[in-house]
Amino acid sequence: MNIRSTLLIAACTLITAPVTAQIIYDFEDGDIAFWGIEGDGSLALETVNGNPGNALRVNEPAAGLRNFVIAHPGLNGDWSSAATNDSIFFDLFAHEISGSVGAGVGYLIELRGSGSSAQALIDFVPQFDVWQSVAMPLDPAAWTMITGTWGDLLVNVEMVRIRAEFIDGDEYVLFDNIGLSFVPIIQVQDDLVCSGFEPADGLDGWNFQNTGSIIVNTTDGNPPNAIQLADQSGDLSTAYAPPKFRGDLSALNGVGTLSFDVRVNTNLTAVLPPAPHVRLAGPGGEASVAATALEVLQATNQWHTFNYPLDVASWTMTSGAWNDLLANVTTIEITLEYYTGTAETVLMDNFCMGFLNTSLSDTETVSANAFDPEPVQCEHTVVTSVRRREAREHPYHERKIAVQAKYHGRLHGPGPCAAHERSLYHQGSERFRSVRAALAGATLTRLNSTVSLPAAFWQLPISAPAARNAASHGTLRSRRCSA
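Reading the sequence shown from the start, the letters are residues 4 to 486 in the numbering used here.
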């Protein structure tokens, strides 16, 4: 352990978890549905040995991927109001079953967001078989910036990762009383959530079971950078989406799509269409959708996009009711095995969920949309121009924006072009009105010459979430407001 790590650990142990914590998860309600595990371990509710009572348990296998807890989305959001003496804190209990302390085990906590990431407690090794409290101050001097800037990171924390593996071997780790000493501002949800598996993102919070080796392939992808997994004999390989994709998906009912790209590299010939291919589950029920043999062939040794509309007609209900299921989706499971035999390598890229559309033609003329009394010409450039402008102003978004533009342009979605225009600008209006608020009266110009929006569009009431979002993002986004 280096001197820097030792000093950081010493500093952390001097900070006790605040008594007046604003957000804390003690697991006494028994709910771990919106916690995630990145890697190949598993989560469980520990009901006996918490600190006290219940705790979150990570079961880590003897070999395989390094595992991280992905914190509840309630910890995400705008952290810019936090003072340097505010902290993220938790209690930790590690138990070695077999093996030895891992060499170069790495950081304990990582924050990600807005293209920035920071890590704390490098080379941290816990005391074993005893509860210990960790409280990491939100002082930039105590963190190591990996990408971006501390300021950009705090205005939009999108993921909190806590390492849950310290042994080269078998172990379990318990977490309890995970919290923040302040209340973050909840961000306005984006209209499209994606995992593009960029190298800096790693596994992006995904969990994999019954697989061989798993890597981020930086030379293959759609475009390059994708998750690659080898088959494991005897069991179907599965992937579990991280918390950012789960929760209340009611807003996507009938208008959203779940989509991902797959390439199966193999010489096998016995097609095994996964059924289910995707499974959604939650307290309100369970639903699944199957892949066809034709789709598997289309994904063999080439990239193929699987599109699954989030409407009841496209899914088979196993239990419960569709609306009740979407109100609280706690599991999204994807089967990534397509042939009988083990000589297959599967790559997955661009897993996206949100408001998507493929019903566009490049030059389709349609009737009036919700914001413009005149007919408009619906073109793919309506989408891509907005995304490309954002990409120019904030390089982090370049990959995400490209994916969004591609999917908005060609994925499955209901309704004609006019419906797409209404949906797109209804979703975008919150974002652009928040910019307008932050600019204190500055006038926004139209985003694309293809679409003319009336002045009334920019004068719609600003919702509370949009106003809060504007307060923290006005400076960043104000540069995006000129055509």
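From the three backbone atoms N, C-alpha and C, an ideal C-beta is built for every residue, glycine too.
What you are looking at is a predicted structure, and each value in this text was computed from that prediction instead of being measured.
What three-state label does DSSP hand residue i in the structure shown?
i: Leu-239; result: coil
i: Gly-250; result: strand
i: Gln-494; result: Limits of the chain in this structure are 4 at one end and 486 at the other, which puts residue 494 out of reach.
i: Asn-228; result: strand
i: Asp-81; result: strand
i: Pro-417; result: Unreliable placement is indicated for Pro-417, whose pLDDT of 37 sits below 50; no coordinate value is reported for it.
i: Leu-183; result: strand
i: Gly-287; result: coil
i: Gly-118; result: coil
i: Ser-103; result: strand
i: Ser-322; result: strand
i: Ala-47; result: strand
i: Ser-198; result: strand
i: Leu-275; result: coil
i: Asp-207; result: coil
i: Ala-296; result: helix
i: Ala-36; result: coil
i: Leu-29; result: According to the sequence as given, residue 29 is Asp; it is not Leu. Coil.
i: Val-315; result: helix
Alpha carbon to alpha carbon, how far is residue i from residue j?
i: Ile-27; j: Lys-247; result: 19 Å
i: Ala-324; j: Gly-288; result: 6 Å
i: Leu-183; j: Arg-69; result: 25 Å
i: Val-369; j: Thr-260; result: Since pLDDT at Val-369 reaches only 29, below the 50 mark, its modelled position is unreliable, and the value read off the structure follows with that caveat. Distance between the alpha carbons of Val-369 and Thr-260 is about 23 Å.
i: Ala-346; j: Trp-306; result: 18 Å
i: Ala-85; j: Leu-141; result: 7 Å
i: Ala-296; j: Asp-234; result: 19 Å
i: Thr-87; j: Trp-209; result: 31 Å
i: Phe-211; j: Pro-143; result: 33 Å
i: Glu-336; j: Val-281; result: 6 Å
i: Val-292; j: Leu-232; result: 22 Å
i: Gln-25; j: Pro-245; result: 24 Å
i: Phe-169; j: Ser-317; result: 43 Å
i: His-98; j: Asp-171; result: 12 Å
i: Val-72; j: Thr-334; result: 16 Å
i: Thr-221; j: Ser-136; result: 38 Å
i: Tyr-175; j: Trp-146; result: 27 Å
i: Gly-33; j: Leu-300; result: 43 Å
i: Asp-487; j: Met-351; result: Lying before the first or after the last residue shown, residue 487 is absent from the chain, which here runs from 4 to 486.
i: Gln-122; j: Ser-103; result: 24 Å
i: Glu-161; j: Ser-83; result: 13 Å
i: Asn-268; j: Gly-39; result: 29 Å
Among the options, which residue has its Cα nearest to the Cα of residue i?
i: Arg-266; options: Gln-135, Asn-225, Ala-294; result: Asn-225
i: Thr-241; options: Asn-57, Tyr-341, Val-160; result: Tyr-341
i: Ser-262; options: Asp-142, Gly-357, Asn-210, Ile-73; result: Gly-357
i: Phe-2; options: Ile-112, Pro-76, Ala-284, Ser-101; result: The chain is shown from 4 up to 486; residue 2 falls before or after that span and cannot be answered.
i: Gly-285; options: Met-320, Thr-308, Pro-276; result: Met-320
i: Ser-322; options: Pro-276, Thr-308, Ala-290, Leu-339; result: Ala-290
i: Asn-213; options: Thr-338, Phe-354, Ile-40; result: Thr-338
i: Leu-329; options: Val-258, Gly-56, Gly-215; result: Val-258
i: Pro-64; options: Glu-41, Pro-76, Asn-57, Gly-56; result: Glu-41
With 16 other CB atoms within 10 Å as the buried threshold, where does residue i fall?
i: Met-148; result: exposed
i: Val-51; result: exposed
i: Ala-273; result: exposed
i: Thr-343; result: exposed
i: Asp-132; result: exposed
i: Gly-154; result: exposed
i: Asp-365; result: Note that Asp-365 has pLDDT 29, beneath the 50 cutoff, so the model's placement of it is unreliable and no number is given.
i: Asn-2; result: Residue 2 lies beyond the range of the chain shown here (4 to 486); nothing can be said about it.
i: Ser-117; result: buried
i: Leu-17; result: For Leu-17, the predicted structure reports a pLDDT of 36, less than 50, and the residue's modelled location is therefore unreliable. The matter cannot be settled from this model.
i: Pro-227; result: exposed
i: Asn-270; result: exposed
i: Cys-381; result: Caution is warranted here: a pLDDT of 33 is assigned to Cys-381, below 50, making its placement in the model unreliable, and no coordinate value can be reported.
i: Asn-304; result: exposed
i: Asp-251; result: exposed
i: Ala-278; result: exposed
Are the CB atoms of residue i and residue j nearer to each other than 8 Å?
i: Asn-62; j: Trp-134; result: no
i: Leu-114; j: Leu-156; result: yes
i: Leu-255; j: Leu-313; result: yes
i: Gly-151; j: Ser-120; result: yes
i: Leu-59; j: Phe-37; result: no
i: Leu-95; j: Phe-178; result: yes
i: Pro-202; j: Asp-81; result: no
i: Val-332; j: Arg-249; result: yes
i: Ala-74; j: Ile-217; result: no
i: Leu-78; j: Val-163; result: yes
i: Phe-185; j: Asp-89; result: yes
i: Ser-101; j: Asp-43; result: no
i: Ala-294; j: Pro-276; result: yes
i: Ser-355; j: Leu-124; result: Before going on, a small fix: residue 355 reads as Cys here, not Ser. Not closer than 8 Å, so no.
Report whether the distance from the Cβ of residue i to the nearest heavy atom of the ligand SAH is below 7 Å.
i: Asp-264; result: The ligand SAH is not among the ligands present in this structure, which contains no ligands whatsoever.
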